[in-house]
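Protein chains in written order, with numbering that gives the first Met the number 0: chain A, 0 to 379; chain B, 0 to 403.
Note that the Cβ used here is the ideal one computed from N, Cα and C, for glycine as well.
Quantities reported herein were computed from a predicted structural model and do not represent experimental measurements.
Heads up: the structure comes next, in structure tokens.
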Amino acid sequence: MINTRADAMSVIFPNNYDNMVPELSEMRLMGSLPVASRYRIIDFYLSSLVNSGIDSIAMLTRRNYHSLLDHIGSGREWDLVRKNGGLSIFPPYAVKNIGIYEGWIEGLESIRSFLESKKEELVILSDACIVMNFDYEKLIRFHIDSGADVTVAYTREPMPDEVISDGDPEKGLFYTLDLDGTRVTNIDINPRRKGIQNLSMNIYVVRRKWLVDIVEKTFLRGGVYLVRDILIPMIKELNIQGYEYTGYTSRITDIKQYYRQNMRLLEGDNLSQLFSGNPIYTKIRDDNPTRYTGDSSASNVMVADGCIIEGDIENCVLFRGVRVKKGARVRNSIIMQDTVIEEKADIDCVITDKRVTVSAGTRLRGSESFPIYISKGHKV
Amino acid sequence: MGKEMVAMLLAGGQGSRLYVLTQKLAKPAVPFGGKYRIIDFPLSNCVNSGIDTVGILTQYQPLVLNEYIGNGQPWDLDRLYGGVHILPPYQKASGSDWYKGTANAIYQNLGFIERYDPEYVIILSGDQICKQDYSDFLNFHKKKNAEFTVAVMEVPWEEAPRFGLMVADEDDRITQFQEKPKEPKSNLASMGIYIFNWDILKKYLIEDEADEDSENDFGNNIIPNLLRDERRMYAYHFKGYWKDVGTISSLWEANMEVLEPEKSGIDLFDENWKIYSRNSGLPGHKINSGAIVRDSMITDGCTIDGTVVHSILFAGVTIEKGAVVEDAVVMGGSIIKAGARVSHCIIAENVVVGESASIGRMPGDGESAVSGVATIGSGVYIGDNAKIGPDAMISENVKDGEQR
Numbered sequence: 000m001i002n003t004r005a006d007a008m009s010v011i012f013p014n015n016y017d018n019m020v021p022e023l024s025e026m027r028l029m030g031s032l033p034v035a036s037r038y039r040i041i042d043f044y045l046s047s048l049v050n051s052g053i054d055s056i057a058m059l060t061r062r063n064y065h066s067l068l069d070h071i072g073s074g075r076e077w078d079l080v081r082k083n084g085g086l087s088i089f090p091p092y093a094v095k096n097i098g099i100y101e102g103w104i105e106g107l108e109s110i111r112s113f114l115e116s117k118k119e120e121l122v123i124l125s126d127a128c129i130v131m132n133f134d135y136e137k138l139i140r141f142h143i144d145s146g147a148d149v150t151v152a153y154t155r156e157p158m159p160d161e162v163i164s165d166g167d168p169e170k171g172l173f174y175t176l177d178l179d180g181t182r183v184t185n186i187d188i189n190p191r192r193k194g195i196q197n198l199s200m201n202i203y204v205v206r207r208k209w210l211v212d213i214v215e216k217t218f219l220r221g222g223v224y225l226v227r228d229i230l231i232p233m234i235k236e237l238n239i240q241g242y243e244y245t246g247y248t249s250r251i252t253d254i255k256q257y258y259r260q261n262m263r264l265l266e267g268d269n270l271s272q273l274f275s276g277n278p279i280y281t282k283i284r285d286d287n288p289t290r291y292t293g294d295s296s297a298s299n300v301m302v303a304d305g306c307i308i309e310g311d312i313e314n315c316v317l318f319r320g321v322r323v324k325k326g327a328r329v330r331n332s333i334i335m336q337d338t339v340i341e342e343k344a345d346i347d348c349v350i351t352d353k354r355v356t357v358s359a360g361t362r363l364r365g366s367e368s369f370p371i372y373i374s375k376g377h378k379v
Numbered sequence: 000m001g002k003e004m005v006a007m008l009l010a011g012g013q014g015s016r017l018y019v020l021t022q023k024l025a026k027p028a029v030p031f032g033g034k035y036r037i038i039d040f041p042l043s044n045c046v047n048s049g050i051d052t053v054g055i056l057t058q059y060q061p062l063v064l065n066e067y068i069g070n071g072q073p074w075d076l077d078r079l080y081g082g083v084h085i086l087p088p089y090q091k092a093s094g095s096d097w098y099k100g101t102a103n104a105i106y107q108n109l110g111f112i113e114r115y116d117p118e119y120v121i122i123l124s125g126d127q128i129c130k131q132d133y134s135d136f137l138n139f140h141k142k143k144n145a146e147f148t149v150a151v152m153e154v155p156w157e158e159a160p161r162f163g164l165m166v167a168d169e170d171d172r173i174t175q176f177q178e179k180p181k182e183p184k185s186n187l188a189s190m191g192i193y194i195f196n197w198d199i200l201k202k203y204l205i206e207d208e209a210d211e212d213s214e215n216d217f218g219n220n221i222i223p224n225l226l227r228d229e230r231r232m233y234a235y236h237f238k239g240y241w242k243d244v245g246t247i248s249s250l251w252e253a254n255m256e257v258l259e260p261e262k263s264g265i266d267l268f269d270e271n272w273k274i275y276s277r278n279s280g281l282p283g284h285k286i287n288s289g290a291i292v293r294d295s296m297i298t299d300g301c302t303i304d305g306t307v308v309h310s311i312l313f314a315g316v317t318i319e320k321g322a323v324v325e326d327a328v329v330m331g332g333s334i335i336k337a338g339a340r341v342s343h344c345i346i347a348e349n350v351v352v353g354e355s356a357s358i359g360r361m362p363g364d365g366e367s368a369v370s371g372v373a374t375i376g377s378g379v380y381i382g383d384n385a386k387i388g389p390d391a392m393i394s395e396n397v398k399d400g401e402q403r
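Okay, structure coming up:
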């Protein structure tokens, strides 16, 4: 066979960390958070995988997955409609002795026969919470060259503030790595440590056969989490390698970070750092180009297609189909799909979810540390 | 089951009056309106009207068009039975021919239509910008119990001599056809869009092919023959935006009209009549601090640091600091470098306009607003400080400081 594809498949857990952004994930899951004017976080994972030659991808959803299914459709936009491989979405279903899965081990156990039937040598496991344009080919090469049993990708960055301040494991689990060279010697769960850490990206490479085997064994013993119940207990006997990723990343860990990370794309050359590599695919909406009328002004903004701008926008990220009417002023805000900002409204530091209407003359003032959030479909 | 109506889209024209824009691609593949190509309009009209079987007749420079159409998925024309098919001339047991004329192109593909056994065939033109509901057109054809119907537009009488004109009675039945007459008897211009009953189309195409003197053209041969035989021929009045974008000035003008939908009537924001196109896959556009954007249409992947006034930018265009773009159409991937001035012109795809270069000129008082459009062909490099005047037609690189 001609080697155009990587000998790897992927399993994605798009629900991880839903609780970090309760406002935004009320109606959706982490992987389908809208980011960067026309994308969902999952787009960055799917596109990166496809661009790295991985086109057999399974997604294990847990709840609120309607928005994800609606977004992904058949997977055509990511070129994932394949006879061999392609996209397999597993909605939650209870089997014999597993309810809706809690940890990855349970999730993987529920699709064990699917994993067994695959042919790829390697499996890439990940959640979907980081905006990035990741090169999986490099990761796989590192994994093979280092002779690792498990490779985990990490970035050098601090723990999320949220975890340092209360460390509530209900919100989400973050892992830091102690390294000897590239070998992982210790993994801490939600350490309340300040400063730069080797913070796991929750992207793992393992051998498929090994995974199937260990998942079955661990599940029988009552194990739930990959890191807590497999990697940490076996840290000495397994060759676990850390792979440092130095490309552009945005982690969405709470609504403040959601705001901050979207706004960060407006700064310097962040936008080209994120998008200059391979293309990121997303659902096509067939919007027409965005129209700026003679009365409009725009400064330091990122805007998707399908908008009509008649007012002033400054330091904003606008998603598809937004209308900013005459005399309206929108500053330092993130305006999601099909929001209408009516005449003479004046808003600053606001996040509007999809299909919000800000009525004429309304004045809204948030701050960068506490942006005002307006939920889906509301009129203010 | 046969199809009720199959569309045949004539896309073989060279579009020689678009000069450098059609050197490497056929006219229907010419980019339009920020993210479309001309052919997106008839294709979207088809699918929005419920036609799911379209044959595209290509001949001249088909590569770009073939790749663009692909399996037809962006227009929802990837179908198990029907869908979109590219139909180039092909070799037959008894020899092969280029398409000799519009009628001959359809004649050579009678076999394609036969496969779908339709009741009606609509003949479309791939070089017009128009939003049209063909189902309304077909209803008219059925209501009149017609054998042939042509879509017509009322044009101003003084412009009538430029068109093929249909003379019709009060019941819209066509009594006479005049091709670019000196003394027009009608102001109903043919849009080059026809509905035929399939049996009639087949009969007249076979007859026409047998006639050695025929130019094998719908306007010059088929329509006169139908009239000769007193077939039931009707004129369907189309009222809406329609533009033949066969010349540089009309292409430029149509693009500018997109910027003023209220005035021109071409509304691309119509949720009920979307124009589909193949997507660029680029992120949203970025307008940086200090940039000025007014009265313009901007699409994905553009980065703007300069000034853009009354212009259309296609996907992935870069306008550097201090550059001024006015009344211009800048196609995909082009870069306008710092301090350059780009006015009243069409810049094709992947052009680089060097620093402080100047292209085109705004029409002065008393000059026609649509003439004098400068055109830069795709992939051309315009050197720093080069100066390109109005009406220029540039297909090769221009050196630094050079004047054209």
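Is the beta carbon of residue i less than 7 Å from the beta carbon of residue j?
i: V183 (chain A); j: I239 (chain A); result: yes
i: V323 (chain B); j: I334 (chain B); result: no
i: N299 (chain A); j: S288 (chain B); result: yes
i: V323 (chain A); j: G310 (chain A); result: yes
i: P21 (chain A); j: M335 (chain A); result: no
i: S9 (chain A); j: S31 (chain A); result: no
i: H205 (chain A); j: V149 (chain A); result: Here residue 205 (chain A) turns out to be Val, not His, going by the sequence shown. For V205 (chain A) and V149 (chain A), yes; Cβs fall inside 7 Å.
i: G74 (chain A); j: L86 (chain A); result: yes
i: D69 (chain A); j: T281 (chain A); result: no
i: P117 (chain B); j: G191 (chain B); result: no
i: K353 (chain A); j: K375 (chain A); result: yes
Only counting the same chain, and skipping five residues up and downstream in sequence, which positions put a Cβ closer than 6 Å to that of residue i?
i: T302 (chain B); result: K285 and T317
i: N63 (chain A); result: R27 and L28
i: L210 (chain A); result: V122
i: S310 (chain B); result: S295, V324 and A327
i: E115 (chain A); result: V211
Applying a beta-carbon distance threshold of less than 7 Å, which residues of chain B neighbour residue i?
i: G30 (chain A); result: Simply none; closest approach about 18 Å.
Can you name the residues of chain B whose CB is closer than 8 Å to the CB of residue i?
i: R37 (chain A); result: P282, G283 and D299
i: N385 (chain A); result: Outside the displayed span of chain A (0 to 379) sits residue 385 (chain A), for which this structure offers no information.
i: S295 (chain A); result: V292 and R293
i: F133 (chain A); result: Near F133 (chain A) there are no residues of chain B at all, since even the closest Cβ is about 16 Å away, more than 8 Å.
Please work out which residues of its chain come closer than 7 Å, Cβ to Cβ, to residue i, disregarding the five sequence neighbours upstream and downstream, and give them in chain order.
i: P180 (chain B); result: P160 and L164
i: A147 (chain A); result: N238, I239 and Q240
i: N14 (chain A); result: L28, M29, T60, R61 and R62
i: M0 (chain A); result: Confidence is the limiting factor: at M0 (chain A) the pLDDT is only 43, short of 50, which leaves the residue's position unreliable and the question unanswerable from this model.
i: K255 (chain A); result: S368
i: P41 (chain B); result: L8, L123 and G125
i: C128 (chain A); result: N15, Y16, M29, I40, R250 and I251
At what residues does the beta strand (DSSP E) containing residue i begin and finish?
i: C348 (chain A); result: It is not in any beta strand (DSSP E) - C348 (chain A) carries neither H nor E in the DSSP assignment.
i: I122 (chain B); result: Y119 to S124
i: R330 (chain A); result: R328 to R330
i: T175 (chain A); result: Y174 to D179
What are the boundary residues of the alpha helix (DSSP H) that residue i is part of?
i: M255 (chain B); result: I247 to V257
i: C129 (chain B); result: Segment Q127 to C129 is the beta strand (DSSP E) holding C129 (chain B); no alpha helix (DSSP H) there.
i: K262 (chain B); result: P260 to S263
i: L64 (chain B); result: L62 to I68
i: L138 (chain A); result: Y135 to D144
Can you find the residues in the same chain that come closer than 8 Å, C-beta to C-beta, to residue i, ignoring five residues on each side of it along the sequence?
i: D253 (chain A); result: M19, V20, P159, D160 and E161
Taking residue i as the query, report the chain A residues whose CB atoms sit under 7 Å from its CB, ordered along the chain.
i: L410 (chain B); result: It is not possible to answer for residue 410 (chain B), since the shown part of chain B is limited to 0 through 403.
i: K336 (chain B); result: Going along chain A, no residue has its Cβ under 7 Å from K336 (chain B), so there is no contact; the nearest lies around 17 Å.
When you compare the CB of residue i with every CB in chain C, is at least one pair closer than 7 Å?
i: R322 (chain A); result: Here chain C cannot be found, since the structure's protein chains are A and B.
Kindly list, in the order they appear in chain A, the residues whose Cβ is closer than 9 Å to that of residue i.
i: M296 (chain B); result: N287, P288, T289, R290 and Y291
i: G54 (chain B); result: Going along chain A, no residue has its Cβ under 9 Å from G54 (chain B), so there is no contact; the nearest lies around 23 Å.
i: K320 (chain B); result: Neighbours of K320 (chain B) on chain A: none; closest Cβ ~14 Å, over 9 Å.
State yes or no: is the C-beta of residue i nearer than 6 Å to some heavy atom of the ligand ATP?
i: S87 (chain A); result: Inclusion of the ligand ATP in the displayed structure is not the case, the ligand content being empty and no account of it being possible.
List, in chain order, every chain B residue whose beta-carbon is nearer than 9 Å to that of residue i.
i: I229 (chain A); result: Result: empty, since nearest Cβ-Cβ is about 38 Å, beyond 9 Å.
TODO: Please go through the segment 323-400 of chain B and give each complete beta strand (DSSP E) segment of 3 or more residues, from N-terminal end onward.
DONE: 323-329, 340-346 and 373-375
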